[in-house]
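Take a look at the structure below.
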Amino acid sequence: IQLTQSPSSLSASVGDNVTITCRTSLNINRYLNWYQKKPGTPPKVLIFATSTLKSGVPSRFSGSGSGTDFTLTITDLQPEDFATYYCQQTSSSLVTFGQGSKVEIK
Amino acid sequence: EEQLLESGGGLVQPGGSLRLSCAASGFIFDTSGMSWVRQAPGMGLEWVSAISASGEHTYYTDSVKGLFTVSRDNPKNTMYLQMNSLRAEDTATYYCARNIVVGRSGIHRYYYMAVWGHGTTVTVSS
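If you read the sequences in order, they're chains C and X. Just so it is clear: in the first sequence, position 36 is 35 by this note's numbering, and no numbers are missing. Just so it is clear: in the second sequence, position 14 is 296 by this note's numbering, and no numbers are missing.
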């Protein structure tokens with residue numbers, strides 16, 4: 000199952016709202032996860048099963064979607080949110096990640 | 283606190299072998315599926331392999347099938363990744379992760395990777 004994220008990169012300012020989309024090549028129901036990755040640190044899960052916020056993750060992160068189209072939204076972007084975001088599906092035994100969406104400071 | 287610690291990375295020549303280890307603590311290891319994920323320099327995340335809680339079921343991305351072998355020793359709370367016939371494109375930081383199940387369908391488990399180690403670096407170069 001191929002995952003295509005858009006945009007691949009974006010520039011935003013603190014306080015902005017940001018939306019990243021993930022399109023899958025097959026219907027994966029709701030088994031879509033989102034991770035945040037910063038250089039030199041391991042990935043961190045933000046949202047699992049499309050829309051469930053991992054405990055401890057700020058509520059400015061939210062996820063939605065179903066089938067083949069999914070969205071990660073960050074409202075009121077904070078300085079610590081500048082990172083690369085990856086979607087991931089585990090609907091297939093062969094797990095795949097999207098190519099990543101880098102959120103940079105404008 | 284749940285923790286994972288990878289070890290075993292290093293510099294190896296093309297065609298060589300390495301065995302990575304992932305030591306777990308702070309959770310009941312033999313009830314958790316586990317995964318290996320890698321990130322090559324300047325590239326994105328790539329899932330490599332997964333293993334069920336019992337070790338009965340193993341899964342691999344196509345590019346490492348037949349070359350890498352994932353295993354686990356539950357009494358030692360440790361997972362392994364035996365990597366043979368290494369190529370330059372296997373150069374990456376390798377992370378192990380704990381899988382948390384969020385759904386089931388037959389033997390298939392839907393999951394997310396909840397806990398990650400800090401990674402171990404593998405460099406394949408002559």
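Glycine is no exception: its CB is placed at the ideal position from the N, C-alpha and C atoms. Quick caveat: nothing in here was measured; it's all calculated off a predicted structure.
Here I389/X is exposed: its Cβ has fewer than 16 other Cβ atoms, across all protein chains shown, within 10 Å.
DSSP, reduced to helix, strand and coil, places A332/X within a strand of the structure shown. Interface annotation, K105/C: not in contact with chain X, CB-CB separation never under 8 angstroms.
Around the beta carbon of P357/X, a 10 Å sphere encloses fewer than 16 other beta carbons of the protein chains shown; the residue is thus reported as exposed. L93/C and T343/X have their C-alpha atoms spaced approximately 6 angstroms apart. Assigned with DSSP and collapsed to three states, K37/C falls in coil, not helix or strand.
With fewer than 16 other Cβ atoms inside 10 Å of its own Cβ, K37/C counts as exposed. Listed along the chain, the chain C residues whose CB falls inside 8 angstroms of the CB of Y377/X are P41 and P42.
Setting aside the 5 residues that flank it on each side, G298/X is surrounded in the same chain by L368, each with a C-beta closer than 7 angstroms to its C-beta; the list follows chain order. Neighbours of A396/X in chain C, taken as residues at a C-beta separation under 9 angstroms, are given in chain order as V44, F47 and K53. With contacts defined by Cβ atoms closer than 8 angstroms, G291/X and T402/X form a contacting pair. It is roughly 15 angstroms from the alpha-carbon of S387/X to the alpha-carbon of Q88/C.
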